[in-house]
Amino acid sequence: MSNEEIVLLTRRTFVGTAATSFAQNAAGPRPNLLLILTDQQSHSVLTCAGNPWLKTPAMDSLAATGVRFAETICPYPVCSPSRGSIFTGRMPHETGVRVNQQSIVAGMPTMGEIFRGAGYQTVYGGKWHLPKSFDGMTAFDKLIGGSSQGGDMDGPLASTCAKWLRGNPKDPFLMVASFMNPHDICEWIRQHPGTHEYPGIDRFPPVPGNMAVDPNEPEFIQYHRTAGYDKMSEGVGIAAAWRRDDVRKYLHDYYRLVEDVDRQIGVVLAALRETKLDQKTIVVFASDHGEGMGGHRWVQKASFYEESVRVPLIVSGPGITRRGAVDRYSLTSLVDILPTFCDYANIAAPKDVRGTSLRAAVEGRPLGRKFAVSELRYGDEKREGRMLRGVRHKYVVFNGGARPEQLFDLMTDPGEVQNLALDKSAEPLLRQHRDLLRGWIEETRDDFSLPFRERG
């Protein structure tokens with residue numbers, strides 16, 4: 020990524036004319052809120068998720084004192100669009116952030132505006148990845164951060180956040196600690212084109228079982244595999260020529276970046292405990308999108324495969340009785356973070372949010388969502404896709420090209436290697452998912468063009 024929008028202790032003026040409307044329901048003692056974000060961390064890359072190839076004690080501690088949602092989908096598997104959705108609870112086609120470095124449309128309420136208008140002290144630290152001029156950023160009282168690379172930024176960010184927490188902050192507050200790593204793997208791949216010998220390779224993670232590329236992938240996915248098509252495809256193109264040991268080295272170093280950011284998260288959580296603020300702070304931990312991790316020979320982001328589109332999500336804090344629970348049944352999305360915070364703070368969420376508060380699911384009640392949707396645009400308006408993900412099945416469709424559809428049974432085929440969209444016997448299931456997506460497109464006024472006209 021380039022042109023990261025990160026600043027250090029910068030204060031901006033903000034006039035929140037509309038934000039005051041969100042304060043009406045804010046009554047009684049309200050918890051502090053802490054959102055911890057990593058960048059490019061896939062759902063399986065935590066020790067508490069059963070991954071034996073790394074250690075993540077800080078993330079695990081949040082899972083041990085809260086609920087980990089195992090089936091969480093990002094609304095767009097690229098940085099800026101996903102973050103725009105996190106801070107609004109809306110889908111990328113609604114926020115206007117269709118690719119990196121675009122601004123959220125004017126007038127759309129954002130997290131900073133909502134909570135500042137409701138009397139919260141709002142603090143943002145770290146990676147933003149939306150234009151600096153965007154009012155949603157100025158709605159935070161202070162911006163604390165560092166440089167554009169995780170190796171340089173995450174340590175100072177953690178220290179500054181910890182210092183702020185120890186400075187007797189005014190209650191209630193909303194803090195966003197937005198870490199860069201493991202995003203540095205994007206720079207790693209440009210500096211490590213592969214075909215090296217690696218000492219100690221026997222200690223590296225194995226290659227994924229779904230590493231083979233489907234020769235019948237949708238044409239638009241194949242197009243994006245071309246090195247040099249755009250910045251994000253560069254890594255995918257490099258990885259196409261890798262040997263198995265190169266993939267193992269990539270995974271090994273990716274896991275080390277996750278461990279690095281976990282250590283910095285631990286610094287923030289230690290300050291929270293030392294000040295006893297943990298006793299009155301709801302913490303949400305998530306990542307903006309995942310990482311391809313060599314599955315389907317895909318690395319980095321910008322795909323609808325599970326490794327890239329499925330992310331960790333943990334809700335932790337005081338009053339949570341199901342400590343250490345893993346929710347494998349609720350289908351959740353990053354657009355749920357904003358309404359969840361609003362629910363805990365007793366603030367009315369904006370009426371048009373697509374997300375749902377997870378508080379009921381944290382307490383063990385059914386969430387009731389049947390599917391979650393993700394969006395993707397490959398660099399221009401000509402190549403777009405949508406994904407509709409249910410608990411069992413995943414449907415993917417692009418707006419053109421040969422073989423534009425994919426359909427996977429995640430229960431019997433978790434590696435997504437058998438595309439049922441090419442199986443005539445699965446035609447009824449395919450039509451069902453087409454209709455579900457069509458209904459969502461109509462409901463949300465999405466301008467995505469399906470590559471077929473007939474219903475079903």
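The numbering of the sequence shown is the working numbering, which starts it at 20 and goes up by one.
Note that the Cβ used here is the ideal one computed from N, Cα and C, for glycine as well.
Treat the numbers as computed from the prediction; the structure is a model and nothing was measured.
Rounded to a whole number of angstroms, what is the C-alpha to C-alpha distance between residue i and residue j?
i, j, result
"A259", "P96", "20 Å"
"S122", "F239", "26 Å"
"R244", "S80", "38 Å"
"G404", "R411", "20 Å"
"R373", "V354", "7 Å"
"P128", "V280", "30 Å"
"P492", "P470", "With the chain covering only 20 through 475, there is no way to say anything about residue 492."
"M433", "F88", "Position check: residue 433 holds Pro in this sequence, whereas Met was assumed. Cα to Cα, P433 sits roughly 17 Å from F88."
"I356", "I257", "35 Å"
"Y273", "M78", "16 Å"
"G343", "A83", "4 Å"
"D439", "V415", "Per the sequence shown, residue 439 should be read as Leu rather than Asp. The straight-line gap from Cα to Cα measures roughly 11 Å."
"S349", "V64", "20 Å"
"L455", "K182", "48 Å"
"L426", "A125", "36 Å"
"G5", "T294", "One cannot answer for residue 5 here, as it falls past the ends of the chain, which runs 20 to 475."
"R450", "P71", "40 Å"
"D428", "Q437", "8 Å"
"A368", "C361", "6 Å"
"D297", "V345", "21 Å"
"F159", "D190", "15 Å"
"E206", "N200", "11 Å"
"I133", "K370", "12 Å"
What is the C-beta distance between residue i and residue j, in whole angstroms, given that I count them as a contact (C-beta under 8 Å)?
i, j, result
"V286", "C93", "Not a contact, Cβ separation roughly 26 Å."
"Y363", "I284", "That pair is no contact at about 20 Å."
"G85", "V334", "5 Å"
"R316", "M406", "R316 to M406, Cβ: 19 Å. No contact."
"L270", "F223", "7 Å"
"V118", "R396", "6 Å"
"T375", "M110", "Going by Cβ atoms, the distance from T375 to M110 rounds to 13 Å, so no, they are not a contact pair."
"E278", "K74", "6 Å"
Compute the distance between the beta-carbons of residue i and residue j, then report whether it is under 7 Å.
i, j, result
"R408", "A391", "yes"
"S197", "K268", "no"
"S101", "D307", "yes"
"F417", "P237", "yes"
"E435", "Q59", "no"
"V266", "G313", "yes"
"R263", "V226", "yes"
"D465", "H112", "yes"
"V328", "S393", "yes"
"L332", "A305", "yes"
"A289", "L184", "no"
"T359", "T91", "no"
"G103", "T114", "yes"
"R341", "G387", "no"
"G138", "L176", "no"
Is residue i helix, strand or coil by DSSP?
i, result
"D428", "strand"
"G103", "helix"
"A368", "coil"
"Q140", "strand"
"T66", "helix"
"V415", "strand"
"A379", "helix"
"D160", "coil"
"S122", "coil"
"G404", "strand"
"G85", "strand"
"R263", "helix"
"F304", "strand"
"A196", "strand"
"G434", "coil"
"T91", "strand"
"V116", "coil"
"R292", "helix"
"Y273", "helix"
"A181", "helix"
"V345", "strand"
"P150", "Confidence at P150 is low in this model, with a pLDDT of 48, below 50, so its placement is unreliable and no value can be given for it."
"V255", "helix"
"S327", "helix"
"R453", "helix"
"V410", "coil"
"L448", "helix"
Taking 7 Å as the CB-CB limit, is residue i close to chain C?
i, result
"L407", "Note that chain C does not occur in the displayed structure, where there is just one protein chain."
Please tell me whether, using a cut-off of 6 Å, the distance from the CB of residue i to the nearest non-hydrogen atom of the ligand NAD is below it.
i, result
"G313", "Ligands are entirely absent from the displayed structure, and the ligand NAD is therefore not among its contents."
Check whether the stretch 49-56 and the stretch 194-209 are in contact - that is, three or more C-beta pairs closer than 8 Å.
Counting Cβ pairs under 8 Å, three or more are found: they touch.
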